[in-house]
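When we follow the numbering used here, the leftmost residue of the first sequence carries the number 234, and every step to the right adds one.
Backbone N, C-alpha and C fix where the C-beta goes; we use that ideal spot for every residue, glycine too.
Beneath this line is the structure, given in structure tokens, with notes to follow.
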Amino acid sequence: MNRTEIIKKIPGLNLKTVADSGQCFRMTENDPGVFILFSGAHALRIFQKGNLFRFECSEKEFAGVWQDYFDLHTDYRKIVRTVDPADAWLSDAVKQADGLRVLKQDFFETLITFIISQQNNIPRIKRCVGLLCERYGKRKRRSGIGEYSAFPEVEVLAAADEKDLLSCNLGYRARYVKEASAQIEKGEADLRALQKMSDAEAKAELLQLTGVGTKVADCVMLFALHRIDSFPVDTHIRQMLAEHYPDGFPFERYEGFSGILQQFLFYSEIHKEKKPV
DNA sequence: TGACAGGTACATG
DNA sequence: CATGTACCTGTC
Numbered sequence: 234m235n236r237t238e239i240i241k242k243i244p245g246l247n248l249k250t251v252a253d254s255g256q257c258f259r260m261t262e263n264d265p266g267v268f269i270l271f272s273g274a275h276a277l278r279i280f281q282k283g284n285l286f287r288f289e290c291s292e293k294e295f296a297g298v299w300q301d302y303f304d305l306h307t308d309y310r311k312i313v314r315t316v317d318p319a320d321a322w323l324s325d326a327v328k329q330a331d332g333l334r335v336l337k338q339d340f341f342e343t344l345i346t347f348i349i350s351q352q353n354n355i356p357r358i359k360r361c362v363g364l365l366c367e368r369y370g371k372r373k374r375r376s377g378i379g380e381y382s383a384f385p386e387v388e389v390l391a392a393a394d395e396k397d398l399l400s401c402n403l404g405y406r407a408r409y410v411k412e413a414s415a416q417i418e419k420g421e422a423d424l425r426a427l428q429k430m431s432d433a434e435a436k437a438e439l440l441q442l443t444g445v446g447t448k449v450a451d452c453v454m455l456f457a458l459h460r461i462d463s464f465p466v467d468t469h470i471r472q473m474l475a476e477h478y479p480d481g482f483p484f485e486r487y488e489g490f491s492g493i494l495q496q497f498l499f500y501s502e503i504h505k506e507k508k509p510v
């Protein structure tokens, strides 16, 4: 169980901002600057001090999993520079959410967690997802982290008893979780197939799944398929757009990556109280 | 107490 | 296609 440690200097990554961004539900700061996160069956402990990161994993795992997960190939500073300086609202959001990235998360986990997210708040979503993993996920162990539960397999959730699922406090979403899992198991919205589709085709495919509407589909598109032109509109974003972009958000200016700006805007919305108006 | 939380399914005009 | 309502659960 010898794990190498990877030391990297990464400008433009702030793990705390990522952890508090609401796009992932299994990433926590255990001690100051020390983060533990899970994605699918993977687990990782990372240390951050300024621009310096220590990933507790092998070179192979870093290259095979986490480099993509954190989207380290994309230069976010370049995206930030495209922001219209005259757009004070967006400029401020981008400044406030400095170090935020759009993760490339596990497809099935993203689908299920965002089905759970509907009409729900972040602390409760995290609790539900945690319960789901404990109840249905494989037990695993990793040095530095200890025992943990992987995200449940498709077949397990598809076969789960709906009453059992309810014990994870899913409420009416339990049925959605089970049915969507069963659909995935049958080969609907197959990941490999989705990856070959256009944005519109992939989204249409996702919308076939029970419990998946426009908003959840856009989240899966953005956070799992990395279709960064997907711009999920939830109640926060809707209100923000109405208030600050009464004539419409300038999607044309940010075509091809507007979803990344959505994340900055969303972050600034859910951390509003700390933000000067 | 009732509205609301990162919506969606389902039923109507 | 636009609008309306019920829905688990927890919190303020």
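Have a look at the options and flag the residue whose alpha-carbon is nearest the alpha-carbon of residue i.
i: T343; options: F258, F268, R471, L494; result: F258
i: N263; options: Q256, I461, A252, G273; result: A252
i: C243; options: A276, H306, K293, F268; result: Strictly speaking, residue 243 in this sequence is Ile, with Cys absent from that position. That would be H306, whose Cα lies nearest to the Cα of I243.
i: L458; options: F482, R408, Q428, A415; result: Q428
i: V335; options: I503, F499, H504, K505; result: F499
i: F482; options: K311, R310, W322; result: W322
i: A391; options: L442, K328, E485, M454; result: L442
i: K282; options: I312, A296, G245, M430; result: G245
i: I269; options: D320, R375, L285, N284; result: R375
i: I355; options: G255, L248, V313; result: G255
i: L333; options: I503, L474, Q496; result: Q496
i: L440; options: A422, F484, P385, C361; result: A422
i: D317; options: K505, H504, I503, E485; result: E485
i: K249; options: E292, F303, F295; result: F303
i: A433; options: K419, L455, G420; result: L455
i: R310; options: I503, D480, L494, A437; result: L494
i: F286; options: K241, G420, A330; result: K241
i: P512; options: I345, K419, G266, G420; result: No statement about residue 512 is possible, as the shown extent of the chain runs from 234 to 510 and does not include it.
i: F280; options: E292, K505, T261; result: T261
i: K505; options: P479, H469, D480; result: H469
For residue i and residue j, which I take to be in contact (beta-carbon distance under 8 Å), what is that distance rounded to the nearest angstrom?
i: I239; j: C290; result: 6 Å
i: E488; j: D467; result: No, E488 and D467 are not in contact; Cβ-Cβ is about 21 Å, not under 8 Å.
i: R372; j: E380; result: 6 Å
i: S491; j: D325; result: The pair is not a contact, with the Cβ atoms about 18 Å apart (cut-off 8 Å).
i: A413; j: V389; result: Actually they do not touch by this definition, with Cβ atoms about 13 Å apart.
i: A435; j: R460; result: 7 Å
i: M430; j: E438; result: 7 Å
The alpha helix (DSSP H) with residue i in it runs from where to where?
i: K436; result: 432-440
i: I503; result: 491-503
i: F303; result: Taken as a continuous stretch (DSSP letters only), F303 belongs to no alpha helix (DSSP H), as it is neither H nor E.
i: F340; result: 340-349
i: F288; result: Note, F288: premise wrong, no alpha helix (DSSP H); beta strand (DSSP E) at 285-288.
i: T250; result: 248-252
Along the chain, where does the beta strand (DSSP E) containing residue i start, and where does it finish?
i: D264; result: 260-264
i: L270; result: 267-272
i: E380; result: 379-382
i: L277; result: 275-282
i: K359; result: Taken as a continuous stretch (DSSP letters only), K359 belongs to no beta strand (DSSP E), being part of the alpha helix (DSSP H) at 355-369.
i: K242; result: 239-242
i: K373; result: 372-375
Might you give, ordered along the chain, the residues of its own chain that have their beta carbon closer than 6 Å to the beta carbon of residue i, omitting 5 neighbours on each side?
i: C452; result: F347, P465
i: A383; result: A274, G370, K371, K373
i: V298; result: H275
i: D339; result: S272, G273
i: F341; result: V387
i: Q416; result: L442
i: H477; result: W322
i: K328; result: none
i: N402; result: C361
i: N247; result: G332
i: D301; result: K337
Enumerate in chain order the residues of its own chain whose CB-to-CB distance from residue i is below 7 Å, with the five nearest sequence positions on each side excluded.
i: S350; result: I358
i: K507; result: Confidence at K507 is low in this model, with a pLDDT of 43, below 50, so the placement of that residue is unreliable and no value is reported for it.
i: T315; result: Y487
i: L196; result: Absent from the model: residue 196. The displayed extent of the chain is 234 to 510, so no value can be given.
i: G266; result: F280, Q281, K282
i: V510; result: Reliability fails at V510, whose pLDDT of 42 lies under 50, so the model's placement of it is uncertain and the value that follows must be treated cautiously. Nothing meets the Cβ criterion.
i: V449; result: F347, I348, Q351
i: L424; result: F340
i: A330; result: T250, F497, Y500, S501
i: I503; result: G255, H469
At a threshold of 6 Å, does residue i count as lining the ligand ZN (C-beta to nearest heavy atom)?
i: L399; result: For the ligand ZN, the structure offers nothing, since it holds no ligand at all.
Which residues in the same chain have their Cβ closer than 8 Å to the Cβ of residue i, if we skip the five residues on either side of it in sequence?
i: K411; result: L390, A391, A393, E395, L398
i: L364; result: S400, C401, N402
*Between the stretch 389-396 and the stretch 407-418, do three or more beta carbon pairs fall short of 8 Å?*
yes
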